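Read the structure below first, then the notes.
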Amino acid sequence: MAMSLKKNRIALIASGSGTNAQAIIQYFKDHPTIKVVLLLSNNPNAYALQRASTHQIKNYVFTREAFTEGTKVVRYLTEEAVTHIVLAGFLWLIPDYLINIFPNKIINIHPALLPKYGGKGMYGSRVHEAIKAARETESGITIHLVNNKYDEGEILFQVKCAISEDDTPEDIARCVQKLEHEHYSRVIERWIIGDR
Ligand code: GAR
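Going by this note's numbering, the sequence shown opens with residue 4, and the numbers climb by one from there.
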């Protein structure tokens, strides 16, 4: 398939292991109109960077100063003609300059049923521990557009998993991760192709 037909060009931003990034890279590998072209991280030790390298996807690390100031990050995105940004385990607030360049073109996944268990500091195992402590009977995933507040953009998709009394936070994490890998890429595809 000619490069020029792949008009939808995704940049992933990931801080950690990057299992979601990997699932997305694999899902779009042979896609006719969507291509993952870049992975950015704030964490030089993020395994997500290696996953990108393994798949010959350009990847760069940025500092907090560079992210806040913007020039370098925007250059990375422009050089690869990025059209959509996918957050896959990224924990910083997205600055206004990026939201202005990519209005409704930034998507995030959160490992709980927003608006519950969202907001600053709510990520990874902290979310599952809080859910366990509150004796919730269900959790799940939320995929939402990104605005300039933590976890408050328009919700595009949610799916639940049941929690039984003896489930540990690790059990909850496993159920949530499975749902993430199952659904995130398909929701991204629908969002891009349906132009949401
Ligand atoms: C995922 O569970 C994602 O939902 C979560 O980080 C994890 C990244 O895992 N994101 C947040 O908590 C955002 N608030 P991964 O590195 O294995 O893809």
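Quick reminder that beta carbons are idealized off the backbone N, C-alpha and C, glycines included. Note that the coordinates shown come from a computational prediction; the quantities given were computed from them, not determined experimentally.
Candidates the options: closest to residue i by CA position
i, options, result
"residue 45", "75, 31, 27 and 34", "75"
"residue 117", "12, 155, 32 and 101", "155"
"residue 181", "70, 85 and 26", "26"
"residue 3", "60, 189 and 29", "Since the displayed the chain opens at 4 and closes at 199, residue 3 lies outside it and no answer follows."
"residue 178", "190, 140 and 151", "140"
"residue 150", "170, 95, 129 and 169", "95"
"residue 57", "79, 73 and 32", "32"
"residue 100", "73, 78, 82 and 92", "73"
"residue 81", "55, 184, 54 and 12", "12"
"residue 168", "102, 138 and 78", "138"
Any non-hydrogen atom of ligand 1 closer than 7 Å to residue i Cβ
i, result
"residue 36", "no"
"residue 126", "yes"
"residue 183", "yes"
"residue 53", "no"
"residue 91", "yes"
"residue 180", "yes"
"residue 114", "yes"
"residue 130", "yes"
"residue 20", "yes"
"residue 42", "no"
"residue 17", "yes"
"residue 94", "yes"
"residue 45", "no"
"residue 23", "yes"
7 Å Cβ shell around residue i - same chain, five flanking residues per side excluded
i, result
"residue 51", "17, 19, 20, 21, 24, 42 and 44"
"residue 194", "110 and 159"
"residue 162", "143, 144, 182 and 186"
"residue 6", "At residue 6, the pLDDT of 49 sits below 50, so the modelled position is not reliable and the matter cannot be decided from this model."
"residue 126", "94"
"residue 191", "27, 89 and 110"
Other residues of its chain near residue i: CB distance less than 8 Å, five sequence neighbours each side excluded
i, result
"residue 175", "131, 134, 135, 142, 164 and 166"
"residue 9", "34, 35, 36, 37 and 38"
"residue 172", "128, 131, 132, 134 and 135"
"residue 197", "none"
"residue 230", "Only positions 4 to 199 of the chain appear in the structure, and residue 230 is not among them; the question remains open."
Residues that DSSP places opposite residue i in a beta bridge
i, result
"residue 142", "164"
"residue 69", "DSSP, once it has assigned bridges, lists no residue as partnering residue 69."
"residue 11", "37"
"residue 147", "111 and 158"
"residue 61", "41"
"residue 89", "15 and 110"
Neighbourhood of residue i by C-beta distance below 6 Å, restricted to the same chain and skipping five residues each side
i, result
"residue 47", "64"
"residue 123", "153"
"residue 146", "112, 159, 160 and 190"
"residue 223", "This structure leaves residue 223 out entirely; the chain is present only between 4 and 199."
Any non-hydrogen atom of ligand 3 closer than 7 Å to residue i Cβ
i, result
"residue 118", "This structure simply doesn't include ligand 3; it includes ligand 1 instead."
Should the region 35 to 45 be regarded as contacting the region 110 to 124, the criterion being three or more beta carbon pairs within less than 8 Å?
At 8 Å Cβ cutoff, the stretches do not touch.
Do the region 75 to 89 and the region 101 to 110 make contact, defined as three or more Cβ pairs closer than 8 Å?
The region 75 to 89 vs the region 101 to 110: in contact.
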